[in-house]
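What follows is a single structure, written as structure tokens, with notes after it.
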Amino acid sequence: MAEVILENITKSFGKTEVVHNVSAHFHDGEFIVIVGPSGCGKSTVLRMIAGLEEVSGGNIKIGDKLVNNLEPKDRRIAMVFQNYALYPHMNVYNNMAYGLRLQKHSKVEIERRVQEAAQLLQLGEYLQRRPRQLSGGQRQRVAMGRALVRKPEVFLFDEPLSNLDAKLRHQMRVELKKMHKNLGTTMIYVTHDQVEAMTLADKIVVVNKGRIEQIGSPDEIYNAPASMFVAGFIGCPPMNFLPAQHSNGGLSLENGFIIPAKDLLIPSDTRQLIVGIRPEKIEFSHLQRESGWLEVDIDFIEKLGSGKLLYTTIGPQQLILSMANGDDRHITRGWIRFPAEALYFFSHQDGSLLKVKSS
Amino acid sequence: MIEQRPLTSFFSHFILICGVLLVAFPIWITFVAASHDTARMVQVPLPLLPGNHFFENLLEAFTHGVGNAKGQSVGLMLMNSLIMALMIAFGKIAISMLSAFAIVYFRFPFRMTFFWMIFITLMLPVEVRILPTFEVVANLHMLNSYWGLSIPLIASATATFMFRQTFLTVPDELLEAARIDGAGPIRFFIDILLPISRTNIAALFVIVFIYGWNQYMWPLLITTDKDMYTIVMGIKQMVEAVEEAPEWSLIMMTTLLAMLPPVVVVIGMQRLFIKGLTETEK
Chain A
22 MAEVILENIT KSFGKTEVVH NVSAHFHDGE FIVIVGPSGC GKSTVLRMIA
72 GLEEVSGGNI KIGDKLVNNL EPKDRRIAMV FQNYALYPHM NVYNNMAYGL
122 RLQKHSKVEI ERRVQEAAQL LQLGEYLQRR PRQLSGGQRQ RVAMGRALVR
172 KPEVFLFDEP LSNLDAKLRH QMRVELKKMH KNLGTTMIYV THDQVEAMTL
222 ADKIVVVNKG RIEQIGSPDE IYNAPASMFV AGFIGCPPMN FLPAQHSNGG
272 LSLENGFIIP AKDLLIPSDT RQLIVGIRPE KIEFSHLQRE SGWLEVDIDF
322 IEKLGSGKLL YTTIGPQQLI LSMANGDDRH ITRGWIRFPA EALYFFSHQD
372 GSLLKVKSS
Chain B
46 MIEQRPLTSF FSHFILICGV LLVAFPIWIT FVAASHDTAR MVQVPLPLLP
96 GNHFFENLLE AFTHGVGNAK GQSVGLMLMN SLIMALMIAF GKIAISMLSA
146 FAIVYFRFPF RMTFFWMIFI TLMLPVEVRI LPTFEVVANL HMLNSYWGLS
196 IPLIASATAT FMFRQTFLTV PDELLEAARI DGAGPIRFFI DILLPISRTN
246 IAALFVIVFI YGWNQYMWPL LITTDKDMYT IVMGIKQMVE AVEEAPEWSL
296 IMMTTLLAML PPVVVVIGMQ RLFIKGLTET EK
């Protein structure tokens, strides 16, 4: 049990700085997901916490101990790797027991811990097998077992589910969540998959280009994204963005359509801005409507089973609408409306969120 | 390419059989010669079928020895060869594995310089550097000793390079997992790298053992003491036997014996050998 504190962490490889001034406070027992596109430095942050990578600047504290210069083994952490990194020449039992042997635990204790982990992960019958005789999901479990038996204060996961197929990934996700609930240990989980981030996390850290864009609960991140990047990264399909001109009480889109914005407190000096709206918040109608509704051509439809996605364009911008099933008529055109309360406004310059809601 | 036409099939078998005969015939002759008495071997035509003196010759070779190496039993020469070949094989594997370990897993100044320096020695086999090497060995008083026989042949660029390639294919995460588990460099080497490279070690052992066993020039140069003769040079000494005609039956018997250990090594380690050269999954 321990909290993890990052204070102004930076990391440079040679002259290129890949992680800039990252600070965060992860509380004891939290499930933290660090999410971002590939190459954004999220794995590097995790590896620095693990001690596999030296920090170029700043401090890392685990519990109340400064761990900057500690070896990985002394940091009371355990890590699960994307490609499992099981020792290929050892059977499952030895894979889990190896670390404990190096820590000089008694045979009885090792046996007890390994059996306990094996039972928890349903690996009991595979203990004598070699990793190559196991399926991907089983290997992943062994990797988790190896982390479990160490009884660490912080679990670190580096994209642990990326090598599994979709179904297994879902299953393992649920198991991980259960495991966290049972153990109550701090877990830090790195992924590029926003679904994993939304479903697993108590707290999401969105990273972009080596900087933290936003830290918050999944709801906060989804409902109150701090920037265009976060809004576009979290959510599937992603949020729609439409450039707009602000002029006397309305927002005119590139095709000339004006969204009424009388109630919005947009600073009068802001001319250019970007309007964001989630695909499921756009209202759609087959029937002709009057003012406030925009007539659009539907280019094509993606059926998802549980719903469908409608693709259309406004000017040069693609717009995605998410709809429930129901009317299965072949839709080629319709009328859409942007409810004012579902709109987000972002700065044209740096993509940061503009606080303009009237309420 | 798999084809099932009878003509191609016949043709390829024909070529293979010719190849087998080509390789097997001299060995057969060696065996036949080893089973006749010395007198029969100097008459023409030479026999093509085995005689009945095989075990006498075997005993003779083991107890008395032949020609120039008279009084030097084949047994002792075999033992010398075996010790030399094993020392070379184990020494080579140990040295090259450790240097590859250093080059792949440690960051130190001039790392690549060292690697290339090792690599360049590929161009300097014993035959090329024979005089300076002899000088060094002589100054270290290692003439006529097992150390002198094996040490100059131990350093090996090929083996270092092979282990380097093997280690490069080991995923980095394995090292990282081991570090988190608390293994230091030596632990990692012994517990993880060594077992993982098992098949490569076996493959290398086969190659290097035979290389060591077949050494001729170097032992010839540094051994003057008959007790240190190795079998391969021993055979040569026998052929150059003084005034009398060479005792072909005994020489052939010795040759046969000299061929045996490499054959045993190859057959015994064949499976690991092939695995070591072809296996890619770590």
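So the protein sequences, as listed, match chains A and B.
Each number in the numbering used here comes from the position in the first sequence (counting from 1) with 21 added on.
Each number in the numbering used here comes from the position in the second sequence (counting from 1) with 45 added on.
Just so you know, even glycine gets a beta-carbon here, dropped at the ideal spot from N, CA and C.
Terminal residues of the alpha helix (DSSP H) in which residue i lies
i, result
"A/His110", "That residue, A/His110, is in no alpha helix (DSSP H); it is neither H nor E in DSSP."
"A/Lys324", "Premise fails: A/Lys324 lies in the beta strand (DSSP E), Leu315 to Lys324, not in any alpha helix (DSSP H)."
"A/Asp179", "From DSSP, A/Asp179 is part of no alpha helix (DSSP H) but of the beta strand (DSSP E) over Val175 to Asp179."
"A/Lys32", "From DSSP, A/Lys32 is part of no alpha helix (DSSP H) but of the beta strand (DSSP E) over Val25 to Phe34."
"B/Ser294", "Trp293 to Thr323"
"B/Arg209", "Ala202 to Thr214"
"A/Gln154", "Here A/Gln154 belongs to no alpha helix (DSSP H), and DSSP marks it neither H nor E."
"B/Met3", "Nothing can be reported for residue 3 of chain B, as the shown portion of chain B is limited to 46 through 327."
"A/Val66", "Lys63 to Ala71"
"B/Tyr72", "Checking the sequence, you will find Ile at residue 72 of chain B rather than Tyr. Taken as a continuous stretch (DSSP letters only), the alpha helix (DSSP H) holding B/Ile72 covers Pro51 to Ala79."
"A/Ala252", "Met249 to Phe254"
"A/Ile357", "Where A/Ile357 is concerned, there is no enclosing alpha helix (DSSP H), although the beta strand (DSSP E) it sits in stretches over Arg354 to Arg358."
Among the options, the one whose alpha carbon lies nearest that of residue i
i, options, result
"A/Lys224", "A/Leu182, A/Pro239, A/Gln215 and A/Glu217", "A/Pro239"
"B/Ala222", "A/Gly120, A/Ile279, A/Phe47 and A/Thr334", "A/Gly120"
"A/Ile255", "A/Ile209, A/Ala361, A/His213 and A/Thr31", "A/His213"
"A/Asn276", "A/Gly237, A/Thr333, A/Met208 and A/Val129", "A/Thr333"
"B/Thr108", "B/Val119, B/His98 and B/Phe99", "B/Val119"
"B/Glu172", "B/Pro264, B/Thr53, B/Leu317 and B/Val277", "B/Pro264"
"A/Met219", "A/His191, A/Met165, A/Thr206 and A/Ile233", "A/His191"
"A/Met100", "B/Cys63, B/Gly64, B/Leu220 and B/Val181", "B/Leu220"
"A/Phe52", "A/Trp314, A/His201, A/Ile287 and A/Gly62", "A/His201"
"A/Ile303", "A/Thr291, A/Glu316, A/Gln124 and A/Gln293", "A/Glu316"
"A/Lys198", "A/Glu180, A/Pro181, A/Asp179 and A/Ala222", "A/Ala222"
"A/Lys94", "A/Tyr108, A/Gly79, A/Asn80 and A/Ala71", "A/Ala71"
"B/Leu94", "B/Arg50, B/Asn189, B/Val77 and B/Leu121", "B/Val77"
"B/Arg209", "B/Leu131, B/Met297, B/Ile148 and B/Met283", "B/Ile148"
"B/Phe151", "B/Asp236, B/Gly229, B/Met304 and B/Met314", "B/Gly229"
"A/Gly57", "A/Ile83, A/Lys188, A/Arg151 and A/Leu67", "A/Leu67"
"B/Leu249", "B/His186, B/Ile319 and B/Phe153", "B/Ile319"
"A/Gly326", "A/Ile335, A/Gly347 and A/Asp320", "A/Gly347"
"B/His81", "B/Thr205, B/Arg156 and B/Ile296", "B/Ile296"
"B/Leu123", "B/Ile276, B/Glu292 and B/Ser294", "B/Ile276"
"B/Met157", "B/Ile72, B/Phe56 and B/Phe206", "B/Phe206"
Bounding residues of the beta strand (DSSP E) (the contiguous stretch that carries residue i)
i, result
"A/Phe305", "Glu304 to Ser306"
"A/Tyr147", "Per DSSP, A/Tyr147 belongs to no beta strand (DSSP E) and is neither H nor E."
"A/Phe47", "Thr37 to Phe47"
"A/Met208", "Thr207 to Thr212"
"B/Cys191", "In the sequence on display, residue 191 of chain B carries Tyr and not Cys. Segment Tyr191 to Ile199 is the alpha helix (DSSP H) holding B/Tyr191; no beta strand (DSSP E) there."
"B/Glu285", "Segment: none, B/Glu285 is in no beta strand (DSSP E) and carries neither H nor E."
"A/Gln293", "Gln293 to Ile298"
"B/Leu219", "First-last for B/Leu219: Asp217 to Asp226, but that is the alpha helix (DSSP H), not the beta strand (DSSP E)."
For residue j and residue i, the rounded distance between their alpha carbons
i, j, result
"A/Glu38", "A/Leu142", "40 angstroms"
"B/Ile84", "B/Phe59", "Here residue 84 of chain B turns out to be Ala, not Ile, going by the sequence shown. Distance between the alpha carbons of B/Ala84 and B/Phe59: 38 angstroms."
"B/Ile312", "B/Ile255", "12 angstroms"
"B/Met129", "B/Pro90", "39 angstroms"
"A/Ser380", "A/Ala361", "Because A/Ser380 sits at a pLDDT of 45, beneath the cut-off of 50, its placement in the model cannot be relied upon, and the point is left open."
"B/Thr211", "B/Leu322", "10 angstroms"
"A/Asn104", "B/Leu301", "52 angstroms"
"A/Gly328", "A/Leu274", "28 angstroms"
"B/Ile199", "B/Gly136", "6 angstroms"
"B/Ile196", "B/Val181", "11 angstroms"
"B/Leu103", "B/Ser144", "44 angstroms"
"B/Tyr366", "B/Ser126", "Since the first residue of chain B shown is 46 and the last is 327, residue 366 of chain B is not available in this structure."
"A/Gly62", "A/Lys230", "7 angstroms"
"B/Ile237", "A/Arg133", "24 angstroms"
"B/Asn113", "B/Leu305", "Here the model assigns B/Asn113 a pLDDT of 49, short of 50, so the residue's position is not dependable and the matter cannot be decided."
"B/Tyr261", "B/Met278", "6 angstroms"
"A/Leu272", "A/Ile287", "10 angstroms"
"A/Ile335", "A/Ala252", "20 angstroms"
Chain A contact residues for residue i, given Cβ-Cβ distances below 7 angstroms
i, result
"B/Gly227", "Lys94, Gly120, Leu123 and Gln124"
Within-8 angstroms CB hit, residue i to chain D
i, result
"A/Ala139", "Absent here is chain D; the protein component of the structure consists of chains A and B."
8 angstroms Cβ cut-off: residues of chain B touching residue i
i, result
"A/Phe176", "Those do not exist, as A/Phe176 stays about 11 angstroms from chain B at its closest Cβ, beyond 8 angstroms."
"A/Phe102", "Glu218, Glu221 and Ala222"
Chain B residues whose Cβ lies nearer than 7 angstroms to that of residue i
i, result
"A/Ala99", "Ile225"
"A/Leu155", "None at all; the shortest Cβ gap to chain B is about 14 angstroms."
> At a Cβ cut of 7 angstroms, what residues of the region 208–224 of chain B count as close to chain A, listed as they run along the chain?
Replying inline: Pro216, Glu218, Leu219, Glu221, Ala222 and Arg224
>> Counting only Cβ-Cβ distances shorter than 7 angstroms, please list the residues of the region 104–123 of chain A near chain B, keeping chain order.
In response: Asn104, Ala106, Tyr108, Pro109, His110, Tyr119, Gly120 and Leu123
>> At a CB distance below 8 angstroms, what residues from the region 232–248 of chain B approach chain A? Give them in sequence order.
In response: Arg232, Asp236, Ile237, Pro240, Ile241 and Arg243
> If you measure beta-carbon to beta-carbon, which residues of the region 53–70 of chain A are closer than 7 angstroms to chain B?
Replying inline: none
> Taking Cβ-Cβ distances below 9 angstroms as the criterion, which residues of the region 70–87 of chain A are in contact with chain B?
Replying inline: Ala71, Gly72 and Leu73
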